[in-house]
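Undergrad: One structure, as structure tokens, below. Some questions next.
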Amino acid sequence: MLDALSFKIHWFSLLLQVMGTQSVEGRLGILLLGLGTAYGAETEDGLLIRYTFTQSDLAKMIGVSRQWVNNALGQFQKKGALSIVKGRFLIRNKKILKESLGPVD
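Start counting the sequence shown at 1; every next residue gets the next number (full-length UniProt numbering).
The following block contains the structure:
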């Protein structure tokens, strides 16, 4: 339980840091990586986030509109970083999501 709490604190701290300094893609990238770490299952095709999150859910988590999330998800899909499988996100390329953050100090 302590590990889970520590993990959540770490990711929320990281999200707060990027909220004011990152683009929508950067914010969404770090969120998806965090969800993948917390709730992901490795598959042949990538890291499948086991729970369903709507675009509205993601938008609320990073403080933007659903439309911005929709656009950013579309960009990630075009780049091959992400797919949506039966309503769940499949991270196909973590490197592309990490690159969306730009340089991190």
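Backbone N, C-alpha and C define an ideal beta-carbon position, used for all residues, glycine too.
Where in the stretch 27 to 69 do unbroken runs of the alpha helix (DSSP H), each at least 4 residues long, occur, reported from the N-terminal end onward?
TA: Those alpha helix (DSSP H) runs which fall completely within the stretch 27 to 69 and span 4+ residues are 55 to 62.
Undergrad: Measure how close the beta-carbons of G29 and L101 come, nearest whole angstrom, since I'm counting them as under 8 Å.
TA: As a working note, residue 29 is residue 29 in the sequence shown. As a working note, residue 101 is residue 101 in the sequence shown. G29 to L101, Cβ: 6 Å. Contact.
Undergrad: What number of angstroms, rounded off, separates the C-alpha of E42 from the C-alpha of L48?
TA: Taking the first residue of the sequence shown as 1, we reach residue 42 at position 42. Taking the first residue of the sequence shown as 1, we reach residue 48 at position 48. C-alpha separation (whole angstroms): 6 Å.
Undergrad: I'd like to know whether the C-beta atoms of E44 and F76 end up nearer to each other than 9 Å.
TA: If you number the sequence shown from 1, residue 44 lands on position 44. If you number the sequence shown from 1, residue 76 lands on position 76. No, the Cβ-Cβ distance between E44 and F76 is not below 9 Å.
Undergrad: Need the endpoints of the beta strand (DSSP E) that L101 sits in, please.
TA: Working through the sequence shown from its first residue, we reach residue 101 at position 101. First-last for L101: undefined, no H or E at that position.
Undergrad: Short check: CB of Q55 to CB of L73, under 9 Å?
TA: By 1-based counting over the sequence shown, the position of residue 55 is 55. By 1-based counting over the sequence shown, the position of residue 73 is 73. For Q55 and L73, yes; Cβs fall inside 9 Å.
Undergrad: Buried or exposed for G40, please, with buried defined as at least 16 other CB atoms from any protein chain shown within 10 angstroms of its CB.
TA: As a working mapping, residue 40 is identified with position 40 in the sequence shown. G40 is buried by the Cβ-count criterion.
Undergrad: With DSSP as the reference, identify every bridge partner of W85, one or two as the case may be.
TA: Along the sequence shown, read from residue 1 onward, the residue named residue 85 stands at position 85. The residue asked about is misnamed: residue 85 is Val in this sequence, not Trp. Bridge partners of V85: R88.
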